[in-house]
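For the record, the sequence lines run as chains G, S and A.
Here the first sequence stands for residues 0 to 298, where the numbers follow numbering that gives the first Met the number 0.
Here the second sequence stands for residues 0 to 213, where the numbers follow numbering that gives the first Met the number 0.
Here the third sequence stands for residues 0 to 213, where the numbers follow numbering that gives the first Met the number 0.
Even glycine gets a Cβ: it sits at the ideal position worked out from N, Cα and C.
Bear in mind that the values here come from a model prediction, so they are computed numbers and not experimental data.
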Amino acid sequence: MATDPASASPLAALELPLAAPTRQTEAPFAMVDGEPVNEPPRDLYIPPQALQVFLEAFEGPLDLLLYLIRRQNLNVLDIPIAEITRQYLQYIDLMQELELELAGEYLLMAAMLAEIKSRMLLPRAPSAEGDEELDPRAELVRRLQEYERYKQAAEDIDKLPRLDRDVFVGQAELVEKKITLALPEVTLQEMLLAFKDVIQRAAMFASHHVQRERLSVRQRMSEIIVRLQSGGFMAFETLFVVEEGRMGVTVTFIALLELVREGLLEITQADIFAPLHVRAAVPRVAEVAANDDTIIAAS
Amino acid sequence: MSEQMVKNVVEAALLAAGRPLDTEQLLALFDEFERPALAEIEAALAELEQSFEGRGIELKEVATGFRIQVRDTVALHVSRLWQERPQKYTRALLETLALIAYRQPITRGEIEDIRGVQVNPNIVRTLLERSWVRVIGHRDVPGRPELLATTRDFLDYFNLRSLDDLPSLAQLRDFESLGVQLEFSDAPAAAPSEASDVQESLTIETMQMTAEQE
Amino acid sequence: MSEQMVKNVVEAALLAAGRPLDTEQLLALFDEFERPALAEIEAALAELEQSFEGRGIELKEVATGFRIQVRDTVALHVSRLWQERPQKYTRALLETLALIAYRQPITRGEIEDIRGVQVNPNIVRTLLERSWVRVIGHRDVPGRPELLATTRDFLDYFNLRSLDDLPSLAQLRDFESLGVQLEFSDAPAAAPSEASDVQESLTIETMQMTAEQE
């Protein structure tokens with residue numbers, strides 16, 4: 000954490016006029032112990048606007064304190080509190096003179112520094128439990144340390160390669176978007192639940208054939224209708240596929256019966272014992288009953 | 000500056016720009032002391048074009064310069080990046096589909112009779128477009144309404160070998176999740192029967208059909 | 000689908016998307032019947048990465064997936080495409096962002112405690128608008144202040160795959176090691192010590208000496 004803030008700080012440019020001469024006059028600050036302390040650079044001329052920008056650049060009292068400490072290469076862990084307090088108050092005064100909007104936190108810090116200073120001057124008696132009293136600066140040091148690590152982290156983040164500053168994403172033109180519509184997905188269960196609902200609503204459970212029939216018959220019915228779509232007659236036997244076995248033949252047979260019953264199919268027989276022929280029902284008022292007679296006779 | 004470096008800058012710039020760049024703009028990317036000749040830029044472009052061969056992108060010269068674009072061969076796949084999330088089908092559509100599956104061949108009017116409400120023509124159109132349903136003929140009644148049936152695509156989509164793989168109504172009734180005890184006719188509930196049952200089933204069906212015919 | 004075709008689709012999609020794509024999104028570009036295995040997508044990505052070697056672009060994995068970006072070797076040249084200087088962010092914003100990134104979830108009040116100043120509401124708003132930060136809940140204390148956390152967009156923007164890739168945070172020395180520091184600060188050639196067990200009396204003595212010196 001002990002990086003020199005001057006090197007990375009966005010203030011770097013501004014620090015020059017203020018800090019460079021400062022280091023000369025305040026050189027004794029680094030030694031502190033017992034040495035008389037020089038005045039801060041009161042006489043140093045800084046253009047008022049630059050000073051204002053400079054002072055405004057502090058991110059609060061902790062930032063200002065850190066600046067004062069770092070400027071003199073002091074260890075955060077061992078702050079000469081009296082001296083730092085004095086410098087801090089000078090900056091506060093300056094800010095007030097320049098009528099900068101001074102956040103209340105700055106004054107709060109001034110009070111805190113004054114309090115620490117006075118406590119440092121008092122002799123400390125060990126408490127009854129034998130616990131040693133904490134250094135009055137401990138809390139301040141903790142806060143300074145804590146703040147400084149995030150100040151550093153902010154600088155680190157600022158240095159990360161950043162999109163559109165250091166990182167450029169490759170892009171190719173998609174001239175013509177060929178948008179296809181994504182079709183909704185359906186699960187079988189969804190459909191079955193829908194079916195259950197509609198059946199319930201229609202109260203059609205009294206209708207036995209829905210309940211009883213094998214769905215392969217329905218499927219076969221559709222298949223037969225498709226085969227007869229051309230409109231002509233087909234020999235009855237050609238609708239059966241022997242390879243399907245007895246089961247298949249039966250399904251086909253039931254499908255044919257059902258188709259006839261629903262008036263979708265005509266079965267004709269030229270003569271008794273002549274071959275049966277099947278065709279799709281033609282658009283006329285079909286004599287359903289007659290057809291049915293035929294087929295029942297045939298079976 | 001090396002040929003390779005010129006090519007790298009040109010490629011990266013064309014990809015990063017998000018707009019076409021002409022040779023002048025490409026030249027302006029280089030500092031004066033390192034600036035390649037126009038011919039070198041053109042050579043880099045030519046090489047780039049060649050390096051894209053057989054790949055999903057291509058170099059294209061348009062009015063304002065060169066750009067790298069997605070090749071037609073993969074445009075359809077890439078377009079899916081912008082495909083909207085599919086909406087869900089409505090309850091009405093699912094019911095219609097289920098009725099077509101269980102009661103095919105069936106007309107729209109018959110579906111309406113069962114559902115008790117009109118079937119929106121869009122629903123049937125959607126089902127036809129999805130090729131889950133097709134028109135297999137017309138019922139021979141006034142208006143000659145279309146007969147709807149499910150397709151092989153329907154079976155494939157729901158991973159069914161045949162319609163028989165759909166649960167029977169009896170099974171549906173037994174589904175705990177289906178809740179309400181449904182009322183059935185007094186006929187013995189016939190679960191989808193295996194081959195041995197067919198004979199009996201045939202008899203019963205035939206009898207019922209006959210009975211219904213008046 | 001051929002390996003080459005998978006690679007072409009992946010490359011073109013990454014370039015066309017304008018945002019990082021993860022493997023799931025890449026897989027979704029393919030129709031079910033042609034969809035490659037995850038391993039094939041990963042192989043295509045690996046090959047792609049290899050094919051970019053020595054060129055001006057690279058494949059980079061960030062928080063939300065993979066993207067193709069300009070290599071830093073040519074970034075300076077490419078950046079000349081844009082006249083405007085990239086936006087700078089204020090220290091206040093960066094410090095706030097750093098606190099949210101390293102200490103998330105964190106409330107505004109907690110940020111203020113550490114920074115020692117009020118957080119300008121505009122800063123939080125800016126961070127939210129850039130979708131670098133989002134509110135992930137409320138702390139269960141009076142006022143129920145919002146808990147702020149960084150997003151994956153934040154990671155993408157800073158070229159990071161996860162929060163672990165953030166620069167490591169400076170160690171905070173606790174009071175005991177702080178004591179060590181004080182002790183050594185008197186000694187010549189003071190070096191930060193990592194010793195943890197220190198006699199407290201020693202520490203206090205040193206402190207008192209320091210106090211007297213003022």
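inquiry  = Please confirm whether A/L98 has its beta-carbon closer than 7 Å to some beta-carbon of chain G.
reply    = yes
query = In the DSSP assignment, what residue or residues form a beta bridge with S/I67?
reply = S/L58
message = For a test of the three-state rule: what should DSSP assign to A/V9, helix, strand or coil?
response = helix
inquiry  = Suppose the cutoff is 6 Å on Cβ atoms and the five residues either side in sequence are ignored; what does the same chain contact list for G/P60 look like?
reply    = E104, Y105 and M108
inquiry  = Please list, in chain order, the chain G residues whose beta carbon lies closer than 9 Å to that of S/S78.
reply    = L173, E175, K176, K177, I178 and T179
query = List, in order along the chain, the chain G residues whose C-beta lies closer than 8 Å to that of A/F157?
reply = I156, L159, P160, R161 and L162
ask   = Within 10 angstroms of its Cβ, does A/A74 collect 16 or more other Cβ (buried), or is it exposed?
value = buried
query = At a Cβ cut of 9 Å, what residues of the region 86–97 of chain A count as close to chain G, listed as they run along the chain?
reply = Q86, K87, Y88, T89, R90, A91, L92, L93, E94, T95, L96 and A97
request  = Could you name the residues of the same chain whose beta carbon sits closer than 8 Å to that of A/A100, not counting the 5 residues immediately before and after it, in chain order?
outcome  = T149, F153, L162 and L165
G/V277 at chain S interface by Cβ criterion, 7 Å = no
request  = Name, in chain order, the residues that DSSP records as bridge partners for G/M233.
outcome  = G/V277
ask   = Using Cβ-Cβ distances below 7 Å, what residues of the region 58–77 of chain S are close to chain G?
value = R66, I67, Q68, V69, A74, L75 and V77
ask   = What residues in the region 114–128 of chain S bring their beta carbon closer than 7 Å to a beta carbon of chain A?
value = none
query = Taking 7 Å as the CB-CB cut-off, is A/A148 touching chain G?
reply = no
request  = Would you please verify whether the beta carbon of G/M233 is less than 7 Å from any beta carbon of chain B?
outcome  = Absence of chain B from the displayed structure is noted, the protein chains being G, S and A.
message = If I follow the unbroken alpha helix (DSSP H) through A/T22, where does it start and stop?
response = T22 to L26
query = How is the alpha helix (DSSP H) around G/V216 delimited, first residue to last?
reply = L214 to R226
key: For G/V248 and G/S229, the rounded distance between their alpha carbons   = 23 Å
query = Considering A/T150, what are the terminal residues of the alpha helix (DSSP H) in which it resides?
reply = Unbroken run through A/T150: none, as it is neither H nor E.
key: Where S/T106 sits in the DSSP three-state scheme   = coil
message = Just checking: is the beta-carbon of G/Q170 within a distance shorter than 7 Å of some beta-carbon in chain A?
response = yes
Contacts around A/L47, its chain only, beta-carbon distance under 6 Å, and the 5 residues preceding and following it disregarded = E10 and L58
ask   = A/E94 and G/A153: beta carbons closer than 7 Å?
value = yes
key: Contacts around S/L92, its chain only, beta-carbon distance under 6 Å, and the 5 residues preceding and following it disregarded   = I122
request  = Give a yes or no on whether the minimum CB-CB distance between G/G247 and chain S is below 7 Å.
outcome  = no
query = Between G/A49 and G/L97, what straight-line distance do the alpha-carbon atoms span, to the nearest angstrom?
reply = 11 Å
task = Run down chain A in chain order and give the residues with a C-beta less than 7 Å from the C-beta of G/Q218.
result = Near G/Q218 there are no residues of chain A at all, since even the closest Cβ is about 25 Å away, more than 7 Å.
ask   = Roughly how many whole angstroms lie between the Cα atoms of A/R90 and G/E58?
value = 8 Å
query = Can you tell me whether G/V277 is buried or exposed, with buried defined as 16 or more other CB within 10 angstroms of its CB?
reply = buried
request  = Identify whether S/T125 lies in helix, strand or coil by the three-state DSSP scheme.
outcome  = helix
inquiry  = For G/E265, report the span of its alpha helix (DSSP H) as first-last.
reply    = That residue, G/E265, is in no alpha helix (DSSP H); its beta strand (DSSP E) goes L264 to Q268.
ask   = What residue does the beta strand (DSSP E) around G/V185 start on, and which one ends it?
value = Note, G/V185: premise wrong, no beta strand (DSSP E); not H, not E.
message = For the alpha helix (DSSP H) containing G/R70, name the first residue and the last one.
response = P60 to R70
task = Would you check if there are 3 or more beta carbon pairs closer than 8 Å linking the region 129–139 of chain A to the region 182–194 of chain G?
result = no
Interface flag, A/I135 vs chain G, CB-CB below 7 Å = no
inquiry  = Tell me whether the region 0–8 of chain A and the region 29–37 of chain A touch, counting them as touching only if at least three CB pairs, one residue from each stretch, are closer than 8 Å.
reply    = yes
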